[in-house]
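*Asks:* In the order they appear, the protein sequences are chains A and B. Residue 1 is where the first sequence starts when you use the numbering used here, and the numbers rise one by one after that. Residue 1 is where the second sequence starts when you use the numbering used here, and the numbers rise one by one after that.
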Amino acid sequence: MRELLRKFRPLILGICLVVAALFLYSANLRKKDQTSFFEQAVLTLAAPFLKTFDLAWERVAAGWEGYLWLVDTAQDNERLREENLLLKAELENLREIRLTNERLRELLEFKEEFSLSAVPARVIAADSTTWSRTVLLDKGTRSGVREGLPVVTPAGVVGRVIKAAPGEARVLLITDAASAVASLVQRTRTRGVCRGRGDALMLEFALRQEDVQVGDRVVTSGTGGVFPKGLLLGEVARVERGDFGLFQTVEIAPAADFSRLEEVLVLVEDEP
Amino acid sequence: MKQALTFVLLGFGCALVQTAVFPRFLPPLARPELFMILIVFLSISQTALRGGLIAWLLGLLVDVFAAQTLGLHGLVFLVTFFLIKLTERRLNTESSLLLVLLVFGGTLVVRGMTAMALLILDEAGRNWQIILGQMATQAFMSALAAAVALLVVRWACRRAGGPTGLPGLRYLDSRYEK
Numbered sequence: 001m002r003e004l005l006r007k008f009r010p011l012i013l014g015i016c017l018v019v020a021a022l023f024l025y026s027a028n029l030r031k032k033d034q035t036s037f038f039e040q041a042v043l044t045l046a047a048p049f050l051k052t053f054d055l056a057w058e059r060v061a062a063g064w065e066g067y068l069w070l071v072d073t074a075q076d077n078e079r080l081r082e083e084n085l086l087l088k089a090e091l092e093n094l095r096e097i098r099l100t101n102e103r104l105r106e107l108l109e110f111k112e113e114f115s116l117s118a119v120p121a122r123v124i125a126a127d128s129t130t131w132s133r134t135v136l137l138d139k140g141t142r143s144g145v146r147e148g149l150p151v152v153t154p155a156g157v158v159g160r161v162i163k164a165a166p167g168e169a170r171v172l173l174i175t176d177a178a179s180a181v182a183s184l185v186q187r188t189r190t191r192g193v194c195r196g197r198g199d200a201l202m203l204e205f206a207l208r209q210e211d212v213q214v215g216d217r218v219v220t221s222g223t224g225g226v227f228p229k230g231l232l233l234g235e236v237a238r239v240e241r242g243d244f245g246l247f248q249t250v251e252i253a254p255a256a257d258f259s260r261l262e263e264v265l266v267l268v269e270d271e272p
Numbered sequence: 001m002k003q004a005l006t007f008v009l010l011g012f013g014c015a016l017v018q019t020a021v022f023p024r025f026l027p028p029l030a031r032p033e034l035f036m037i038l039i040v041f042l043s044i045s046q047t048a049l050r051g052g053l054i055a056w057l058l059g060l061l062v063d064v065f066a067a068q069t070l071g072l073h074g075l076v077f078l079v080t081f082f083l084i085k086l087t088e089r090r091l092n093t094e095s096s097l098l099l100v101l102l103v104f105g106g107t108l109v110v111r112g113m114t115a116m117a118l119l120i121l122d123e124a125g126r127n128w129q130i131i132l133g134q135m136a137t138q139a140f141m142s143a144l145a146a147a148v149a150l151l152v153v154r155w156a157c158r159r160a161g162g163p164t165g166l167p168g169l170r171y172l173d174s175r176y177e178k
């Protein structure tokens with residue numbers, strides 16, 4: 001018996017490990033909406049690196065645009081060139097500050113418009129897989145951000161918080177295939193559910209006889225329990241009505257530009 | 001312990017690159033799965049128990065950085081590790097082409113198993129369809145990344161003046177592949 005155990009030891013150990021991994025996975029399936037200690041610890045550990053890289057990248061990008069590419073353009077006069085470059089660099093810095101200022105002002109106006117408490121946050125990282133659509137924010141539970149809160153930009157809805165560590169939070173974008181938002185077509189009040197498809201959105205359960213046209217704006221209906229009513233999701237990009245079936249196929253182009261997400265607002269509930 | 005820590009740190013580095021660097025330069029389809037290179041190297045260099053535990057831990061790291069249910073990639077990486085470990089004994093793992101092929105095949109297995117787990121066990125919408133749709137491109141990109149990594153290692157070995165002592169990369173030189 002001992003001989004047999006020794007012979008099949010690697011196999012038995014392997015099976016035990018796989019069973020343990022399966023057990024951990026199935027146990028966590030029931031606690032998907034909570035952020036475990038392990039997740040919080042890893043996010044907290046990674047955050048300084050991600051924030052430093054984000055800051056460095058911003059500086060390098062600003063430096064590249066404002067200074068480096070100009071090096072080859074002036075060769076005649078050294079003094080004028082240096083002076084010119086310094087001025088250009090300064091100008092680019094100011095321009096970047098102005099753009100940031102405009103974005104933040106837009107965020108503030110948006111916040112006032114909806115009269116909701118909001119926490120401005122910065123996107124510091126994306127997802128490590130190519131199929132899932134999430135981003136990491138630099139604000140977490142210390143700033144009042146917690147799981148389930150909606151995240152928006154002045155352009156439209158971004159997603160909802162699914163994991164929150166003390167200083168960071170992970171947001172599931174509305175374009176992720178696991179995301180579903182209760183929504184309605186603004187013009188005709190046609191109801192449906194907006195589901196992510198990676199890069200686009202599909203309006204599901206919109207009845208075939210309902211009037212939906214290309215260019216119609218789709219907003220949140222407020223019935224899903226996460227997003228307030230009336231937030232812009234996107235515009236109808238394609239409508240297809242087959243000869244049969246209950247529903248029509250409606251493709252929506254998201255209003256928020258997910259390839260250029262920098263600052264977002266996390267809508268938080270007011271303290272009672 | 002030291003080796004395990006090295007793998008975990010490498011995994012952490014891979015996660016940082018995949019979340020902070022790749023998204024700024026590459027579209028989703030063109031991003032390689034760096035963890036797959038680690039899993040393949042883990043399979044040919046570590047024992048079943050130690051390698052399995054590290055593969056599981058690396059999977060948990062991916063889950064945190066991908067906001068997936070904790071344990072999904074842990075399970076997938078662990079099974080992939082054992083599958084590679086089973087075939088590795090029958091193959092000449094000192095061939096760099098074979099290592100690249102293992103990364104290609106490993107990525108296909110990881111993607112297939114992830115899609116299956118999401119479809120059967122999880123509530124992840126149509127994510128499984130997206131994963132299957134990207135499977136071939138992802139495997140190719142990961143294999144390409146592995147080939148580049150091997151070229152860099154080979155170059156570094158030549159600069160250092162001889163073959164490396166790392167398992168699987170001991171005789172990584174064109175002289176040994178003829």
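Positions of the beta carbon are idealized from the N, C-alpha and C atoms, including for glycine.
Can you check the stretch 137-162 of chain A for any alpha helix (DSSP H) of at least 4 residues that lies completely inside it and give the ranges in chain order?
*Replies:* none
*Asks:* Using beta-carbon positions only, say whether Ala155 (chain A) and Thr141 (chain A) come within less than 8 Å of one another.
*Replies:* Within the first sequence, residue 155 (chain A) is the residue found at index 155, counting from 1. Within the first sequence, residue 141 (chain A) is the residue found at index 141, counting from 1. No, the pair does not count as a contact, with Cβ atoms beyond the cut-off.
*Asks:* Going by DSSP, which residues form a beta bridge with Ile252 (chain A)?
*Replies:* What you label residue 252 (chain A) is simply residue 252 of the first sequence in a count that begins at 1. The partner list for Ile252 (chain A) (beta bridge, DSSP) reads A:Leu201, A:Val236.
*Asks:* Does any CB atom of chain B fall closer than 8 Å to the CB of Trp131 (chain A)?
*Replies:* One-based indexing of the first sequence puts residue 131 (chain A) at position 131. Chain B contact via Cβ: present.
*Asks:* Quick check: the Cα distance between Val76 (chain B) and Val110 (chain B), rounded to an integer number of angstroms?
*Replies:* Residue mapping note: residue 76 (chain B) aligns to position 76 of the second sequence, counting from 1. Residue mapping note: residue 110 (chain B) aligns to position 110 of the second sequence, counting from 1. Rounded to whole angstroms, the separation of the alpha carbons of Val110 (chain B) and Val76 (chain B) is 6 Å.
*Asks:* Could you run through the stretch 141-171 of chain A and flag, in chain order, every residue whose CB is less than 9 Å away from some CB of chain B?
*Replies:* Within the stretch 141-171 of chain A, the residues whose Cβ lies closer than 9 Å to some Cβ of chain B are Ile162, Lys163, Arg170, Val171, listed in chain order.
*Asks:* Can you give me the C-alpha to C-alpha distance between Leu80 (chain A) and Arg95 (chain A), rounded to a whole angstrom?
*Replies:* Residue numbering aside, residue 80 (chain A) sits at position 80 when the first sequence is read from its first letter. Residue numbering aside, residue 95 (chain A) sits at position 95 when the first sequence is read from its first letter. So the two alpha carbons sit approximately 22 Å from each other.
*Asks:* Using only the alpha-carbon positions, how far apart do Leu172 (chain B) and Val148 (chain B) sit?
*Replies:* The residue labelled residue 172 (chain B) in the question sits at position 172 within the second sequence. The residue labelled residue 148 (chain B) in the question sits at position 148 within the second sequence. With a pLDDT of only 49 at Leu172 (chain B), under the threshold of 50, the placement of this residue in the model should not be trusted; the figure read from the coordinates follows. Roughly 13 Å between the two C-alpha positions.
*Asks:* Starting from the beta carbon of Phe41 (chain B), find every residue of chain A whose beta carbon is closer than 9 Å, and list them in chain order.
*Replies:* Residue mapping note: residue 41 (chain B) aligns to position 41 of the second sequence, counting from 1. By Cβ distance, chain A contributes nothing, its closest Cβ being about 18 Å from Phe41 (chain B), past 9 Å.
*Asks:* Within the continuous alpha helix (DSSP H) that includes Ser117 (chain A), where are the two ends?
*Replies:* Residue 117 (chain A) sits at position 117 when you count from the first residue of the first sequence. Element bounds for Ser117 (chain A): not the alpha helix (DSSP H) but the beta strand (DSSP E), 117-125.
*Asks:* Compile a chain-ordered list of the residues in the stretch 253-266 of chain A whose CB is closer than 8 Å to at least one CB of chain B.
*Replies:* none
*Asks:* Name the residues in the stretch 185-200 of chain A whose C-beta lies less than 8 Å from a C-beta of chain B; which are they?
*Replies:* Arg195, Gly196, Arg197, Gly198
*Asks:* Would you please state the rounded distance, in angstroms, between the beta carbons of Leu267 (chain A) and Leu149 (chain A)? I believe it to be under 8 Å.
*Replies:* Counted from its first residue, the first sequence places residue 267 (chain A) at position 267. Counted from its first residue, the first sequence places residue 149 (chain A) at position 149. That belief holds up - the Cβ atoms of Leu267 (chain A) and Leu149 (chain A) are roughly 6 Å apart, short of 8 Å.
*Asks:* Distance check for Val19 (chain A) and Thr107 (chain B), CA to CA, integer angstroms please.
*Replies:* Within the second sequence, residue 107 (chain B) is the residue found at index 107, counting from 1. Within the first sequence, residue 19 (chain A) is the residue found at index 19, counting from 1. Taking the straight line from one Cα to the other gives about 22 Å.
*Asks:* May I ask you to list, following chain order, the residues of the stretch 73-89 of chain B that have a beta carbon less than 7 Å from some beta carbon of chain A?
*Replies:* Gly74, Leu75, Leu78, Val79, Phe82
*Asks:* Can you confirm whether Trp64 (chain A), when its beta carbon is compared against all beta carbons of chain B, has any partner nearer than 8 Å?
*Replies:* Against the first sequence, residue 64 (chain A) aligns to sequence position 64. Answer no: the Cβ-Cβ gap between Trp64 (chain A) and chain B never drops below 8 Å.
*Asks:* Using DSSP with H/G/I as helix, E/B as strand and the rest coil, what is Thr134 (chain A)?
*Replies:* Reading the first sequence from its first residue, position 134 is the one you call residue 134 (chain A). Assignment of Thr134 (chain A) by DSSP, reduced to helix, strand and coil, places it in the strand class.
*Asks:* Going by alpha carbons, who is nearest to Val214 (chain A) out of A:Leu107, A:Val236, A:Arg133?
*Replies:* Stepping through the first sequence from its first residue, residue 214 (chain A) is reached at position 214. Checked all of A:Leu107, A:Val236, A:Arg133; the closest Cα to Val214 (chain A) is A:Val236.
*Asks:* Would you mind stating whether Gln134 (chain B) and Leu26 (chain B) have Cβ atoms separated by less than 8 Å?
*Replies:* Taking the second sequence and counting its residues from 1, the one referred to as residue 134 (chain B) is at position 134. Taking the second sequence and counting its residues from 1, the one referred to as residue 26 (chain B) is at position 26. Going by C-beta atoms, Gln134 (chain B) is not nearer than 8 Å to Leu26 (chain B).
*Asks:* May I ask you to list, following chain order, the residues of the stretch 3-31 of chain B that have a beta carbon less than 7 Å from some beta carbon of chain A?
*Replies:* Ala15, Leu16, Gln18, Thr19, Ala20, Pro23, Arg24, Pro28, Leu29, Arg31
*Asks:* If you measure from the beta carbon of Val100 (chain B) to each beta carbon in chain A, is any gap under 8 Å?
*Replies:* For the purposes of this step, residue 100 (chain B) is taken as the residue at position 100 of the second sequence. Chain A, which has no Cβ nearer than 8 Å to the Cβ of Val100 (chain B), makes this no.
*Asks:* Evaluate Trp131 (chain A) with the Cβ neighbour count: other Cβ atoms within 10 Å of its Cβ, from every protein chain shown; 16 or more gives buried, anything less gives exposed.
*Replies:* For this step, residue 131 (chain A) is matched to residue 131 along the first sequence. Under this definition Trp131 (chain A) is a buried residue.
*Asks:* So, does the stretch 36-43 of chain B touch the stretch 3-17 of chain B, judging by three or more C-beta pairs under 8 Å?
*Replies:* yes
*Asks:* Verify the CB distance criterion: does Thr120 (chain B) have a CB-CB separation below 8 Å to chain A?
*Replies:* Taking the first residue of the second sequence as position 1, residue 120 (chain B) is located at position 120. Note that residue 120 (chain B) is Ile in the sequence shown, not Thr. No, because no Cβ of chain A sits closer than 8 Å to the Cβ of Ile120 (chain B).
*Asks:* Distance check for Ala27 (chain A) and Met1 (chain B), CA to CA, integer angstroms please.
*Replies:* The sequence position of residue 1 (chain B) within the second sequence is 1, counting from 1. The sequence position of residue 27 (chain A) within the first sequence is 27, counting from 1. Going by the C-alpha atoms only, they are around 28 Å apart.
*Asks:* Work out the CA separation of Pro10 (chain A) and Arg2 (chain A) for me, nearest whole Å.
*Replies:* Numbered from its first residue, the first sequence carries residue 2 (chain A) at position 2. Numbered from its first residue, the first sequence carries residue 10 (chain A) at position 10. Going from the Cα of Arg2 (chain A) to the Cα of Pro10 (chain A) covers about 14 Å.
*Asks:* Taking the alpha carbon of Asp257 (chain A) as the point to measure from, which residue in A:Val239, A:Leu246, A:Leu232, A:Asp243 has its own alpha carbon closest?
*Replies:* Against the first sequence, residue 257 (chain A) aligns to sequence position 257. Residue A:Leu232 is the option with its Cα nearest to Asp257 (chain A).
*Asks:* Along the alpha helix (DSSP H) that carries Thr190 (chain A), what are the first and last residues, could you check?
*Replies:* Residue numbering aside, residue 190 (chain A) sits at position 190 when the first sequence is read from its first letter. Unbroken run through Thr190 (chain A): none, as it is neither H nor E.
*Asks:* For Thr173 (chain A), report the span of its beta strand (DSSP E) as first-last.
*Replies:* The residue labelled residue 173 (chain A) in the question sits at position 173 within the first sequence. Here residue 173 (chain A) turns out to be Leu, not Thr, going by the sequence shown. Residues 169-173.
*Asks:* Would Glu177 (chain B) pass as an interface residue toward chain A - the criterion being a Cβ-Cβ separation below 8 Å?
*Replies:* For the purposes of this step, residue 177 (chain B) is taken as residue 177 along the second sequence, with counting starting at 1. Below a pLDDT of 50, predicted positions are generally treated as unreliable, and Glu177 (chain B), at 49, falls in that range; the measurement from the model is reported next regardless. False, the Cβ-Cβ gap to chain A never drops below 8 Å.
*Asks:* Just to confirm the assignment, what range does the beta strand (DSSP E) spanning Arg217 (chain A) have?
*Replies:* Here residue 217 (chain A) refers to the residue found at position 217 of the first sequence. Per DSSP, Arg217 (chain A) belongs to the beta strand (DSSP E) from 217-220.
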